[in-house]
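Peer 1: Got a structure here, written out as structure tokens. Questions coming.
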Amino acid sequence: MKKAGIIALITLAFFIIYFLQANFFTWFNIFGIMPNLFVILILFVGLFAGKKIGLILGLIFGILIDLLIGKSIGISGILLGAIGLIAEYCDKNFSKDSKLTIILMVIISTIIYEAGEYAFTIIKDGIQIELLSFVKILLIEILYNSLLIIIIYPLIHKLGYAIENVFKSKTVMTRYF
Amino acid sequence: MYKKKKTGLIGIIITIIVLILLVVLSNMDTQKLSSAENVFSYLVMPIQNGLTYLKNKITGNDSFFSDVDNLKAENEDLKKKNSELEQSLREYEILKAENETLKEYVNLKDKYKEYSTVPAYVINRDISNYSDTIVINVGKNDEIEANMTVISDQGLVGHILSVTDTTAKVQTIIDTASSVSSTISTTRDSIIVSGTLDNNSMLKATYIPTDATLVQGDNVETSGLGGIYPKGIHIGTISQIVNTKNITDRYAMIEPAVDFSKLETVLVITNK
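Residue numbers (this note's numbering), protein chains in the order written: chain A, 1195 to 1371; chain B, 1112 to 1383.
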């Protein structure tokens, strides 16, 4: 029951982020570049609720993004799902208590997501590769995402462990015995 | 424990201030910063000038006399070229005036009256930094179909990608995946106009014929080839011509007639 409630809250967070991205961040930007909060959300879900939930929610949210505004259906779903899986791997190997590791995880996830999207567009539409412009946009996006993480880290930390207690209570116990 | 919490809070506040400063500064009109720029240039430029003078003195001394003859010859050559250019510029001015009067006859705005259109509002914009699609508030219920052309009162906006009952997704011409077959309205040379990642308010014209003469300020319109866009819809004006070593690689930057950042109402052309 608690799990369903948390998933509903995460879905609500997804829609809030969607409207923030489509409205607020279109003018609150750095050199015209918006952050990517979806990557942060799915990484957060994968880290604290586990890879299953991360993968499923990543897939669903990604497909929703594609349906709402994307040019083709599926690629965002696959990439966000992949980030959900990577988050579980990060959880097993790195500490979530350090702000720096969380920032590094967000940087890597942002690179994977945007590079994947861009590579897919290049293959699908056969567009000319503008590597320099792509890297420039990506760097500003990474900077923006990192700044946001520093601001919302205490919230992520608190909420994250509350979610982890619900989803991973058994595994947490076995770690100590 | 208390101290740690406090420093953490200060860190967050500093980050928020940094973020707001970044957003404000990166979006500020550079004209407004000219006074600050002035102060800095007063401080730095005299030193910079002195240093450049010194550098030129040191590096240029040995080759000074041998260069004088070369420079004289070059100067003669450039003077000759300059007079030729002045001549062609005068010819260009005459052509431009002629062009203006012709355009008035055609009256660009009335041009779109031959199409039956459905008006629509932009209700959603892209959430990605790498693509530029918009969503408009008309769909299947208004007899909108995929691949229909979308325009605004200023010019071409894009084409319909997909439709639902009440909305339609539009791929704008500034999207990197968009390419429009176009012609330069004065010379009738064909070019391909596509979006770029580098600049959201510019288009890039490629595949320019080697014998084509491009002039800054020339209008660019759709050619009607490709099957999506009807012929003769205004796209924008050539703002910069970039020549490369290989003439086949040269390209031009086009300023779109439509301001996509302020686009609110569009028209969908329903007859093909």
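Cβ atoms here follow ideal geometry from the backbone N, Cα and C, with glycine treated the same way.
1. To the nearest angstrom, report how far apart residue 1307 of chain A and residue 1289 of chain B are at their CA atoms.
2. For residue 1240 of chain B, go through chain D and note every residue whose CB falls closer than 7 Å to its CB, in chain order.
3. Nearest-angstrom Cα distance between residue 1353 of chain B and residue 1361 of chain B?
4. Do you know whose CA, among B:1132, B:1189, B:1317, B:1372, lies nearest residue 1359 of chain B's CA?
5. Please name the residue in B:1284, B:1376, B:1302 whose C-alpha comes closest to that of residue 1319 of chain B.
6. Can you tell me which of the three DSSP states residue 1277 of chain A falls into?
7. How big is the Cα-Cα spacing for residue 1238 of chain A and residue 1348 of chain A?
8. Identify which residue in B:1277, B:1356, B:1240 has its Cα closest to the Cα of residue 1246 of chain B.
9. Does the ligand SAH have a heavy atom nearer than 8 Å to the CB of residue 1253 of chain A?
10. For residue 1249 of chain B, which three-state DSSP category applies?
11. State the Cα-Cα distance for the pair residue 1254 of chain B and residue 1279 of chain B, rounded to the nearest angstrom.
12. Under 9 Å, Cβ to Cβ, is there at least one residue of chain A near residue 1246 of chain B?
13. My understanding is that residue 1357 of chain A touches residue 1200 of chain A, with C-beta atoms under 8 Å, so please give their C-beta distance in whole angstroms.
14. Rounded to a whole number of angstroms, what is the C-alpha to C-alpha distance between residue 1060 of chain B and residue 1244 of chain B?
15. Would you say residue 1236 of chain A and residue 1296 of chain A are within 9 Å of each other, going by their C-beta atoms?
16. What does the Cβ neighbour count give for residue 1164 of chain B, buried or exposed, with the cut at 16 atoms within 10 Å?
17. State the Cα-Cα distance for the pair residue 1212 of chain A and residue 1245 of chain A, rounded to the nearest angstrom.
18. For residue 1149 of chain B, count the other beta carbons within 10 Å of its own beta carbon; 16 or more makes it buried, fewer makes it exposed. Which is it?
19. Once the 5 residues before and after residue 1375 of chain B are set aside, which same chain residues still bring their CB inside 6 Å of it?
20. Are the C-beta atoms of residue 1267 of chain B and some chain A residue less than 9 Å apart?
21. On the DSSP letters alone, give me the boundaries of the alpha helix (DSSP H) that residue 1350 of chain A sits inside.
22. Just to confirm before moving on: does the CB-CB distance between residue 1280 of chain A and residue 1270 of chain A stay below 9 Å?
23. Run through the stretch 1238-1311 of chain B for me and flag every whole alpha helix (DSSP H) of 4 or more residues, listed as ranges in chain order.
24. Could you pull out every residue in the same chain whose Cβ sits closer than 8 Å to the Cβ of residue 1305 of chain A, ignoring the five residues on either side in sequence?
25. Give, in chain order, every residue of the stretch 1301-1335 of chain B whose Cβ lies closer than 7 Å to some Cβ of chain A.
26. Have a look at the DSSP bridge pairing and note the partners of residue 1232 of chain B.
27. Check whether the Cβ of residue 1205 of chain A lies closer than 9 Å to any Cβ atom in chain B.
28. Could one say the Cβ of residue 1220 of chain B lies closer than 9 Å to chain A's Cβ atoms, at least one of them?
29. Around the C-beta of residue 1155 of chain B, are 16 or more other C-beta atoms found within 10 angstroms, so that it is buried, or is it exposed?
Peer 2: Once the coordinates are examined:
1. Taking the first sequence and counting its residues from 1, one reaches residue 1307 of chain A at position 113. Taking the second sequence and counting its residues from 1, one reaches residue 1289 of chain B at position 178. Across the structure, residue 1307 of chain A and residue 1289 of chain B are spaced so that their CA atoms are roughly 22 Å apart.
2. Included in the structure are the protein chains A and B, with no chain D among them.
3. Indexing the second sequence from 1 puts residue 1353 of chain B at position 242. Indexing the second sequence from 1 puts residue 1361 of chain B at position 250. Answer to the nearest angstrom: the Cα atoms are 6 Å apart.
4. As a position in the second sequence, residue 1359 of chain B is number 248, starting the count at 1. When each option's Cα is compared against that of residue 1359 of chain B, the closest is B:1317.
5. Walking along the second sequence from the start, residue 1319 of chain B turns up at place 208. By alpha-carbon distance to residue 1319 of chain B, the top candidate from B:1284, B:1376, B:1302 is B:1302.
6. By one-based count along the first sequence, residue 1277 of chain A stands at place 83. Residue state, collapsed to three classes: helix.
7. The residue labelled residue 1238 of chain A in the question sits at position 44 within the first sequence. The residue labelled residue 1348 of chain A in the question sits at position 154 within the first sequence. A direct Cα-Cα distance of roughly 13 Å separates residue 1238 of chain A from residue 1348 of chain A.
8. Position 135 of the second sequence, counting from 1, holds the residue named residue 1246 of chain B. Selected option, being the one with the closest Cα: B:1277.
9. The ligand SAH is not part of this structure, which contains no ligands at all.
10. Counting from 1 along the second sequence, the entry for residue 1249 of chain B is found at position 138. In this structure, residue 1249 of chain B counts as coil in the three-state DSSP scheme.
11. By one-based count along the second sequence, residue 1254 of chain B stands at place 143. By one-based count along the second sequence, residue 1279 of chain B stands at place 168. Cα to Cα, residue 1254 of chain B sits roughly 11 Å from residue 1279 of chain B.
12. Here residue 1246 of chain B is taken as the residue at index 135 of the second sequence, counted from 1. For residue 1246 of chain B, the answer is yes, since a Cβ of chain A falls inside 9 Å of its Cβ.
13. Translated into positions along the first sequence, residue 1357 of chain A becomes position 163. Translated into positions along the first sequence, residue 1200 of chain A becomes position 6. At roughly 6 Å, the Cβ-Cβ gap stays under 8 Å, so residue 1357 of chain A and residue 1200 of chain A are in contact.
14. A query on residue 1060 of chain B cannot be resolved here, the shown segment of chain B reaching from 1112 to 1383 and no further.
15. As a working mapping, residue 1236 of chain A is identified with position 42 in the first sequence. As a working mapping, residue 1296 of chain A is identified with position 102 in the first sequence. No, the pair does not count as a contact, with Cβ atoms beyond the cut-off.
16. For the purposes of this step, residue 1164 of chain B is taken as the residue at position 53 of the second sequence. Around the beta carbon of residue 1164 of chain B, a 10 Å sphere encloses fewer than 16 other beta carbons of the protein chains shown; the residue is thus reported as exposed.
17. For the purposes of this step, residue 1212 of chain A is taken as the residue at position 18 of the first sequence. For the purposes of this step, residue 1245 of chain A is taken as the residue at position 51 of the first sequence. If you draw a straight line from the Cα of residue 1212 of chain A to the Cα of residue 1245 of chain A, it is about 22 Å long.
18. Here the question's residue 1149 of chain B lines up with position 38 in the second sequence. The residue is exposed, with fewer than 16 neighbouring Cβ atoms inside 10 Å.
19. For the purposes of this step, residue 1375 of chain B is taken as the residue at position 264 of the second sequence. So the qualifying residues of the chain are 1233.
20. As a first step, residue 1267 of chain B is located in the second sequence; it is residue number 156 there, counting from the start. Taking 9 Å as the threshold, the shortest C-beta distance from residue 1267 of chain B to chain A does not fall below it.
21. As a first step, residue 1350 of chain A must be located in the first sequence, where it is residue number 156. Boundaries of the alpha helix (DSSP H) around residue 1350 of chain A: 1325-1361.
22. One-based indexing of the first sequence puts residue 1280 of chain A at position 86. One-based indexing of the first sequence puts residue 1270 of chain A at position 76. Taking 9 Å as the Cβ cut-off, residue 1280 of chain A and residue 1270 of chain A do not qualify as a contacting pair.
23. DSSP runs (the alpha helix (DSSP H)) wholly in the stretch 1238-1311 of chain B: none.
24. Against the first sequence, residue 1305 of chain A aligns to sequence position 111. Correct list, in chain order: 1332, 1336.
25. Residues of the stretch 1301-1335 of chain B whose Cβ lies closer than 7 Å to any Cβ of chain A, in chain order: 1307, 1308, 1309, 1311.
26. In the second sequence, the residue the question calls residue 1232 of chain B occupies position 121. DSSP, once it has assigned bridges, lists B:1376 as partnering residue 1232 of chain B.
27. In the first sequence, counting from the first residue as 1, residue 1205 of chain A sits at position 11. No, no contact with chain B.
28. Counted from its first residue, the second sequence places residue 1220 of chain B at position 109. Note that residue 1220 of chain B has pLDDT 47, beneath the 50 cutoff, so the model's placement of it is unreliable and the number below is only indicative. Taking 9 Å as the threshold, the shortest C-beta distance from residue 1220 of chain B to chain A does not fall below it.
29. In the second sequence, counting from the first residue as 1, residue 1155 of chain B sits at position 44. By the C-beta density criterion, residue 1155 of chain B is exposed, having fewer than 16 other C-beta atoms within 10 angstroms.
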